[in-house]
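In my numbering, the protein residues as written are 3 to 126.
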Amino acid sequence: MVSTFILGLVAIMLLSAGQTSLKFGLNAIDGVSLADGLAGILKLFQTPWIFVGFACYGLSSILWLDVLSKLDFSLAFPMVGLTYVFTLLIGRFFFGEVFGWERIVGVALILSGVFFLVRSGTSG
């Protein structure tokens with residue numbers, strides 16, 4: 003079961019990496035507006051970061067299917083909350099985002115919740 007949790011963690015990290023890549027790609031093209039129609043959508047494919055993001059999403063989804071097949075849904079899915087932790091750190095260190103104590107407390111609560119969920123899954 004521990005290897006399933008590790009696989010889940012890798013899938014969640016890939017999900018966060020996908021979000022990061024998409025953000026890099028959107029920053030590179032100064033964002034996108036769907037109000038621009040097809041031109042706005044085609045603009046997305048002007049940077050390799052968008053493709054990297056989609057690839058990370060795809061691989062994450064494949065790994066996540068394995069996790070879902072082995073863990074209770076009520077245990078596996080809340081683990082996705084770890085993406086909030088990863089994206090908070092990525093936002094700070096890669097994008098220079100500034101955040102207050104509220105986000106830190108929120109992430110601490112998420113981490114404690116995931117800890118108890120994982121603990122209950124390995125002891126039961």
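Note that beta-carbon positions come from the ideal geometry of N, C-alpha and C, so glycine has one too.
Where the alpha helix (DSSP H) through residue i begins and ends
i, result
"Thr89", "84 to 97"
"Thr49", "Taken as a continuous stretch (DSSP letters only), Thr49 belongs to no alpha helix (DSSP H), as it is neither H nor E."
"Leu77", "75 to 78"
Beta-carbon contacts of residue i that lie in its chain and below 8 Å, excluding the five residues immediately before and after
i, result
"Leu119", "Leu77, Pro80, Met81"
"Asp38", "Lys45"
"Val116", "Pro80, Met81, Gly83, Leu84"
Beta-carbon proximity list for residue i, same chain, < 6 Å, skipping 5 on both sides
i, result
"Leu16", "Cys58, Leu61, Ser62"
"Phe56", "none"
"Gly20", "Gly55, Cys58, Tyr59"
Closest Cα partner of residue i within the set the options
i, options, result
"Asp74", "Ile64, Gly27, Ser122, Ile14", "Ser122"
"Ser5", "Gly39, Trp66, Ile31, Thr89", "Trp66"
"Leu88", "Ile64, Ser71, Leu113", "According to the sequence provided, residue 88 is Phe. The question's Leu does not apply to it. Measuring from the Cα of Phe88, the nearest candidate turns out to be Leu113."
"Gly108", "Gly83, Val100, Glu99", "Gly83"
Heavy atom of the ligand GDP within 6 Å of residue i beta-carbon
i, result
"Ala37", "For the structure depicted, the ligand GDP is absent and the ligand set is empty, with no information on it obtainable."
Below-7 Å beta-carbon distance, residue i vs any chain B residue
i, result
"Leu40", "Reference to chain B is not applicable here, since this structure consists of a single protein chain."
Neighbourhood of residue i by C-beta distance below 7 Å, restricted to the same chain and skipping five residues each side
i, result
"Val12", "Leu65"
"Gly10", "Val69, Ala78, Met81"
| field | At least three beta-carbon pairs within less than 8 Å, the stretch 87 to 101 to the stretch 33 to 53 | value | no
| field | Inside the stretch 18 to 48 only - alpha helix (DSSP H) runs reaching at least 4 residues | value | 40 to 45
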